[in-house]
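Heads up, the thing below is written out as structure tokens.
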Amino acid sequence: MPLMTSPCNPAVPRRLPPVPFSPAVRSSLRPTRSTSRPLPVVPRPLVCKKCKTCITSSHVQLPPSAYPPNSRMFKGFSGRASLFMETYNVKLSSPAVQLMATGAHTMQEISCSSCSSYLGWKIVRAHETSEKWKEGNCLLELENLFHHSDIFTPFTHMDRSDSSDTEDSDYNISISQG
Numbered sequence: 015m016p017l018m019t020s021p022c023n024p025a026v027p028r029r030l031p032p033v034p035f036s037p038a039v040r041s042s043l044r045p046t047r048s049t050s051r052p053l054p055v056v057p058r059p060l061v062c063k064k065c066k067t068c069i070t071s072s073h074v075q076l077p078p079s080a081y082p083p084n085s086r087m088f089k090g091f092s093g094r095a096s097l098f099m100e101t102y103n104v105k106l107s108s109p110a111v112q113l114m115a116t117g118a119h120t121m122q123e124i125s126c127s128s129c130s131s132y133l134g135w136k137i138v139r140a141h142e143t144s145e146k147w148k149e150g151n152c153l154l155e156l157e158n159l160f161h162h163s164d165i166f167t168p169f170t171h172m173d174r175s176d177s178s179d180t181e182d183s184d185y186n187i188s189i190s191q192g
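Per the working numbering, the sequence shown starts with residue 15, numbered consecutively.
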């Protein structure tokens with residue numbers, strides 16, 4: 015009896031379909047058994063440094079192409095920060111207006127739902143028209159996060175060519191309590 019090639023047949027290994035090539039490219043390739051598509055990059059979870067609770071994932075980090083051309087790197091209390099579109103397992107404080115280097119923003123403090131450690135801010139509203147692109151995103155401090163597979167190495171953000179010092183960042187977070 016011939017071997018069934020059904021996707022449900024466990025005896026047949028699953029493969030991705032071959033990559034389509036134009037006739038010119040196909041003729042320049044040496045014949046191979048099978049040309050497969052590369053597997054997609056697997057997103058890596060980012061976890062709380064203190065309790066290892068999953069907070070977000072590397073695939074929901076706002077890409078630098080979404081930043082306006084004149085934007086700079088973000089800074090928080092403990093150093094570099096980055097914008098993420100989604101967070102999980104977090105608690106949000108009540109919204110409050112914070113005065114930042116780029117103007118007033120209504121923000122909520124983000125803390126870990128398991129250990130209550132500080133993680134960053136959710137930008138609820140940007141009061142300056144030029145800063146509206148940040149609304150709804152979460153500014154997470156990278157010092158407080160780890161890639162799950164690299165629990166001994168802190169998360170490193172893609173360095174942008176126009177990075178700047180702390181004084182020149184979009185966010186120099188400082189809260190005066192009084």
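Every residue gets a Cβ at the ideal spot worked out from N, C-alpha and C, and that includes glycine.
Computed from a predicted structure; not experimentally measured.
Cβ distance (whole Å) where residue i is taken to contact residue j below 8 angstroms
i      : j      : result
Met87  : Asn151 : Their Cβ separation, rounded to whole angstroms, is 15 angstroms, which puts Met87 and Asn151 out of contact at 8 angstroms.
Glu145 : Tyr132 : So it is not a contact: roughly 23 angstroms between Cβ atoms.
Met121 : Val138 : 6 angstroms
Limits of the unbroken beta strand (DSSP E) element including residue i
i      : result
Gly204 : Residue numbering for the chain in the displayed model covers 15 to 192; residue 204 lies beyond these limits and cannot be assessed.
Cys62  : Pro59 to Cys62
Residue nearest to residue i in terms of C-alpha spacing, selected from the options
i      : options                          : result
Leu97  : Ala80, Asn103 and Thr120         : Ala80
Thr67  : Leu154, Pro59 and Val74          : Pro59
His119 : Lys64, Trp147, Pro78 and Ser72   : Trp147
Ala110 : Trp135, Leu76, Ala95 and Asn158  : Trp135
Asn103 : Val74, Phe160 and Val61          : Val61
Gln112 : Glu157, Cys129, Ser92 and Glu142 : Glu142
Thr70  : Pro57, Pro52 and Gly117          : Pro57
Ala140 : Glu155, Gly117 and Leu76         : Gly117
Ser72  : Ser128, Arg94, Asn84 and Thr101  : Thr101
Ser128 : Arg51, Lys64 and Pro52           : Lys64
Asn158 : Leu106, Ser107, Lys105 and Gly93 : Gly93
Per DSSP, cross-strand counterpart(s) of residue i
i     : result
Cys65 : DSSP, once it has assigned bridges, lists no residue as partnering Cys65.
Check your understanding: At what residue ranges does the stretch 71-155 contain a whole run of the beta strand (DSSP E), taking only runs of 3 or more?
Key -> You should have 94-98, 104-106, 110-114, 117-126, 132-140 and 152-155.
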